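When you read off a place in the sequence shown, starting at 1, and then add 5, the result is the number in the working numbering.
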Amino acid sequence: MSAHIHTTAPALSVDQLFRTAFYNGRTPRSTEYQAGTRAALAFRIERKDIDPPYRAGTAAADAYFAGIAEGHALWRSAVAKIGGAA
């Protein structure tokens, strides 16, 4: 009989990844950018829909969507580090 060892990957947290990304000393990012990053992390980790709060074509919307791109990249990187499929 073979022994099976079950290992569980650490759970990813929106707050943990967000705090890691926006550490003290990082070049500041706008509130809109940070909101986009958080929205992407919540989408990936908590399965929450992304509902952009800014009107398309505005600088705020552009910052929000750039933040979303970073959030997706952060998630992919975190999943790769813990051995999951991104």
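For each residue, glycine too, the CB sits at the ideal point set by N, CA and C.
This structure is a prediction, so every number in the text was calculated from the model and none was measured.
- Cβ-Cβ separation between Gly72 and Gly30: approximately 19 Å, too far for a contact (criterion under 8 Å).
- Spatial neighbours of Phe70 in its own chain (CB-CB distance under 7 Å, excluding positions within 5 residues in sequence) are listed in chain order as Gly41.
- In the DSSP assignment, Thr32 falls outside any alpha helix (DSSP H) and carries neither an H nor an E.
- Straight-line measurement puts the Cα of Arg60 at about 6 Å from the Cα of Ala66.
- Rounded to whole angstroms, the separation of the alpha carbons of Pro58 and Ser18 is 23 Å.
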